[in-house]
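Numbered by the numbering used here, the letters in the sequence shown go through residues 103 to 174 in order. For every residue, glycine included, the Cβ atom is placed at its ideal position computed from N, Cα and C. Nothing here was measured: the structure is a model prediction, and the numbers come from that model. Here the structure comes first, spelled out in structure tokens, and everything after it is commentary.
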Amino acid sequence: MASVVAQQIQAAQHHRGTLLKVDTVSAITGLSRNAIYARMAVGGFPAQIRLSPRCVRWSAGSVLDWLDAQAA
103 MASVVAQQIQ AAQHHRGTLL KVDTVSAITG LSRNAIYARM AVGGFPAQIR
153 LSPRCVRWSA GSVLDWLDAQ AA
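Here you go:
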């Protein structure tokens with residue numbers, strides 16, 4: 103699984119339109135799944151994109167922009 107996440111992180115850095123699973127978002131940000139959803143609840147993290155009732159993704163560009171803002 104680690105290699106799949108590493109490939110998704112690399113794709114996110116090169117293709118900002120890539121849609122990321124929560125595990126990849128967690129690996130990129132260093133936040134746990136619970137922390138991601140908690141920050142979303144108070145508007146402190148990019149919104150998810152709902153693809154179906156049980157399938158959500160995040161835009162790589164929005165996650166990377168959020169990371170840049172945190173570093174500033």
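Check	Outcome
Proximal residues to isoleucine 151 (C-beta, below 6 Å), its chain only, five neighbours per side dropped	Arg159
Glycine 133 - DSSP class collapsed to helix/strand/coil	It should be pointed out that residue 133 corresponds to leucine in this sequence rather than to glycine. Coil, per DSSP.
Residue from Ala174, Pro148, Asp170 whose Cα sits closest to the Cα of valine 124	Pro148
Contiguous beta strand (DSSP E) assignments of at least 3 residues, all confined to the segment 135-159	151-154
Valine 144 versus valine 106 - alpha carbon distance	30 Å
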